[in-house]
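Working notes, beginning with the structure itself.
There are 2 protein chains.
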Amino acid sequence: MTVKLSDIAKQCGVSTATVSLVLSGSSRISRATKRRVLRVIKQSGYYPNIAARMLSTNNTKALCVVVPHISHIFSNPFFGEVLSGIYDYASKNDYKILLEAATYEFCFYKKYLQLFKERTIDGMLYVGSTLDDAYLIDFEKDNMPFIQVGSYIPELNLSYVIGDNLTGGYLATRHLIELGHRRIAFITGNFKVVSAQDRFMGYKKALREAGIPVDKSIILKADFDEKTGYQAMCKLLERCGDVTIRRFGKEASRGVIARPTAVFAGNDLMALGAIRAVEEKKLKVPDDIAVVGMDNIRMSAAGDSMLTTVEYNIYQMGKVACEELIKQIEDSADGQIKEILPVKLVVRETCGANRRRLSKGGYVVKVIKNPSINPPVPNN
Amino acid sequence: MTVKLSDIAKQCGVSTATVSLVLSGSSRISRATKRRVLRVIKQSGYYPNIAARMLSTNNTKALCVVVPHISHIFSNPFFGEVLSGIYDYASKNDYKILLEAATYEFCFYKKYLQLFKERTIDGMLYVGSTLDDAYLIDFEKDNMPFIQVGSYIPELNLSYVIGDNLTGGYLATRHLIELGHRRIAFITGNFKVVSAQDRFMGYKKALREAGIPVDKSIILKADFDEKTGYQAMCKLLERCGDVTIRRFGKEASRGVIARPTAVFAGNDLMALGAIRAVEEKKLKVPDDIAVVGMDNIRMSAAGDSMLTTVEYNIYQMGKVACEELIKQIEDSADGQIKEILPVKLVVRETCGANRRRLSKGGYVVKVIKNPSINPPVPNN
DNA sequence: AAAATGCAGTTAATCGATTAACTATAAAGC
DNA sequence: GCTTTATAGTTAATCGATTAACTGCATTTT
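Sequence order for the protein chains is A and B. Residue numbers 3 to 382, in my numbering, belong to the letters of the first sequence in order. Residue numbers 3 to 382, in my numbering, belong to the letters of the second sequence in order.
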């Protein structure tokens, strides 16, 4: 039915080996023969059967990208960026991208291993691993090309490419401190994502340096999205007595705490949610409360808010991870990689720095556009 | 090295055929044998080699999703939603998802055909086709399972699953008319995407019904994203003399037109951009200018804006398309599908309806939460 | 002149399943 | 008692490439 390699061979009066060698560009075939075979191939509309090739060569030229199983995950701008970076690099190198979500089934039935064992893929990129993903220990044993992207699991000795979360958290917080803020709240993403912990550590480091004690009452838990960021901020404002409709009983009797003058949110989505909460309470960003986010998703610059944030080129992170994975596959060098990409502060409107006025403390604002970064040492 | 089917057969003292039949759940094998074989399979950690199976069965259990080659495409919430819908249905039905972007190369070198010819995929979902994608005519000839998602090309007789764009445009515009607006601007996405044209037709239909003439000076071109939506709205406000910084020469001498009291934007992203422009000019949404969008992306409800929009469940659209594609693959029924999904108006804040005040015209606002929809007939 | 090397291929085994066609045995039908 | 039917398998061809090992011939080396 469809043209196959042996048809080409017959038509050219050569063996199938010759045709195959022509296709792989072997030097064992003369120019004349190459030309002849190539012409016949073109004329006949021949395409190699990938399954046959896979069976024979035992590689698939396919990578799998695994993303967390959050509903509507692909609408999340963070994952979108990562995926774009991965895709562009992979397709440039003739790799196909297979998409998977880390559903319950995917994990429980070890489908992540199945993909390797069945020989469906050559390597795997795992985006956004959390402490719940301890089953990834399976990748420590056998030698399957595997890289985590954007997060990692400290206990496991597996490759990863991540942003410099600690420095990011540090820069964001230090920036606020340098703007004169002393009471800075922190809205964190789920601590099961280790990056969130690292950002928190950066926050604490900056406070420590400035001699500001960490106040637990202004550290709020959220879950990396707009909604929970909003909720966290509402809760905070409630605690500060900024909300007119107050609950009675336990909550109300806790008493009112001093309102922070700034908030560092563990990612941009949560920052955007926080801003919405602030504005809903008729407070002003950045005048009443300055806000800094992290990730620099495209939305941050486009929306109403002109968010000050920490950039670490999520697209690039995806690209680098893909590059490393392909290197691992093709060199079959199973060297671990633990790559931490640099971050930088992007100063826009929500922190108040660009107003170039004197801060409360009375000293002139220093705008750190591109602070020097000391690349931190991997954890293990 | 790795366990293969013949190893299992040997260990069980049966033929490879038997093992294969057990695996495919054939009734030709006795219960006892099945149990025995299954146990050995489990113990040995056997996984079938997918390439061998593909070669033998001539199907791949893989679908390809093609998305437009807009940079950072996966960060676009529309495509994210579609992809989520597709992914969830596909993986539930044991299909793998291959991701491709319609790059220049992909189109020019007919890689979309190659994927079929090489037997890499069983079917293809093409998201967001435009009039530029005329090469898709290739899919009219051969019988390759192929469905367009979210858009279509009128000249080509190819399957598609889309939202009811015409009715959507109609409902949005009628809603604004019912709120008392008579001067309603339209910001459209690129007309190369036929859905944009359909939305425009809906807009015109509603105006016609209300006896309002179409005014070209308040119809603006944008490109489905926040930025161009913002730019279009700025341009409009400039024309209306709302902008203090005015250009001299040609633009300025055109004279000032009356400002619309409402805007219908061809999608939510553009609506969000428009709102930003309006607010930047110190005008109020919805008091000075009401805004209605279309698509109901998740952001619309989460952001500052509480956008009134037309919903057509993009996630569902992806799901339905995937369902139909798999049907086409497995029944090898090459029946064309042209499915148009219903839309409904989602009334939130930006149209002003929920304020329940009297509109300018002096009559009471009717809120249409769920208007009856007459499913329109496909175009061809 | 014999041996070594290079060139341009060919032969045939191999990758690991699936499945149409066949067989052997037992049970049922008439 | 012979034929038919059902059950539970087996045999062996097949899917379509790739590639290690080999061949035959020409040229170069010694």
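Glycine residues also receive a C-beta, built at the ideal position from the N, C-alpha and C atoms. All of these numbers come straight from a predicted model, not from anything done at the bench.
Inter-residue spacing [alpha-carbon to alpha-carbon] between residue i and residue j
i	j	result
Asp227(B)	Ser28(A)	48 angstroms
Arg261(B)	Tyr106(B)	41 angstroms
Ala355(B)	Ala174(B)	12 angstroms
Pro288(A)	Ala264(A)	8 angstroms
Leu100(A)	Arg241(A)	47 angstroms
Lys340(A)	Gln150(A)	9 angstroms
Ser189(B)	Asp270(B)	Note that residue 189(B) is Ile in the sequence shown here, rather than Ser. So the alpha carbons of these two residues sit roughly 11 angstroms apart.
Asn372(A)	Leu160(A)	Note that Asn372(A) scores 36 on pLDDT, short of 50, meaning its location in the model is unreliable and no value can be drawn from it.
Val195(A)	Met272(B)	33 angstroms
Ser131(B)	His177(A)	45 angstroms
Val67(B)	Ile342(B)	20 angstroms
Glu281(A)	Tyr232(A)	11 angstroms
Cys324(B)	Val216(B)	38 angstroms
Phe193(B)	Val345(B)	20 angstroms
Gly243(A)	Lys284(A)	13 angstroms
Reduced DSSP secondary structure (H/G/I, E/B, other) of residue i
i	result
Gln150(B)	strand
Asp90(A)	helix
Ile259(A)	coil
Phe266(B)	strand
Leu158(B)	coil
Lys36(A)	helix
Ile186(B)	strand
Ile31(B)	coil
Gly165(A)	strand
Asp144(B)	coil
Run of the beta strand (DSSP E) containing residue i, from where it starts to where it stops
i	result
Glu313(A)	Thr311 to Glu313
Leu65(A)	Ala64 to Pro70
Val129(A)	Gly125 to Val129
Ala136(A)	No beta strand (DSSP E) contains Ala136(A), which DSSP labels as neither H nor E.
Ala103(A)	Lys98 to Ala104
Val293(B)	Ala292 to Val294
Val216(A)	Taken as a continuous stretch (DSSP letters only), Val216(A) belongs to no beta strand (DSSP E), as it is neither H nor E.
Leu347(A)	Lys346 to Val348
Boundaries of the alpha helix (DSSP H) in which residue i is found, first to last residue
i	result
Met56(B)	Ile52 to Thr59
Val195(A)	First-last for Val195(A): undefined, no H or E at that position.
Lys223(B)	Not the alpha helix (DSSP H): Lys223(B) falls in the beta strand (DSSP E), residues Ile221 to Lys223.
Lys340(B)	No alpha helix (DSSP H) contains Lys340(B), which is instead part of the beta strand (DSSP E) from Lys340 to Leu343.
Ala323(A)	Ile316 to Glu332
Val24(A)	Thr18 to Leu25
Asp9(B)	Leu7 to Cys14
Gly231(B)	Glu228 to Arg241
Leu181(A)	Neither: Leu181(A) is in no alpha helix (DSSP H) and is coded neither H nor E.
Phe76(B)	Segment: none, Phe76(B) is in no alpha helix (DSSP H) and carries neither H nor E.
Tyr114(B)	Lys113 to Lys119
Neighbourhood of residue i by C-beta distance below 6 angstroms, restricted to the same chain and skipping five residues each side
i	result
Val39(B)	Cys14, Val21 and Val24
Gly330(B)	Note on residue identity: the sequence assigns Gln, not Gly, to residue 330(B). Here the set comprises Pro147.
heavy atom of the ligand SAH below 6 angstroms from residue i C-beta
i	result
Thr62(A)	No copy of the ligand SAH occurs in the structure displayed, which carries no ligand at all.
Spatial neighbours of residue i in its chain, beta-carbon cut-off 7 angstroms, leaving aside the 5 residues before and after
i	result
Leu327(B)	Leu65, Gly125, Leu127, Pro147 and Ile149
Tyr205(B)	Gly171, Thr175, Phe188 and Phe266
Ile43(B)	Ile10
Arg184(B)	Ile214
Ala279(A)	Tyr232, Met235, Cys236 and Leu239
Neighbourhood of residue i by C-beta, 8 angstroms cutoff - its chain only, sequence neighbours within 5 removed
i	result
Lys6(A)	Tyr48 and Asn51
Asp140(A)	Lys112, Tyr114 and Leu115
Val16(A)	Thr35 and Val39
Lys321(B)	Gly87, Ile88, Asp90 and Tyr91
* Quick one: any contact between the region 65-82 of chain A and the region 22-42 of chain A, if contact means 3 or more CB pairs under 8 angstroms? -> no
* **Three or more C-beta pairs below 8 angstroms linking the region 40-50 of chain A and the region 49-58 of chain B** => Verdict: no, contact absent.
* Can we say the region 315-322 of chain A touches the region 279-296 of chain A, given the rule of at least three CB pairs closer than 8 angstroms? -> no
* **Three or more C-beta pairs below 8 angstroms linking the region 153-172 of chain A and the region 199-217 of chain A** => The region 153-172 of chain A vs the region 199-217 of chain A: in contact.
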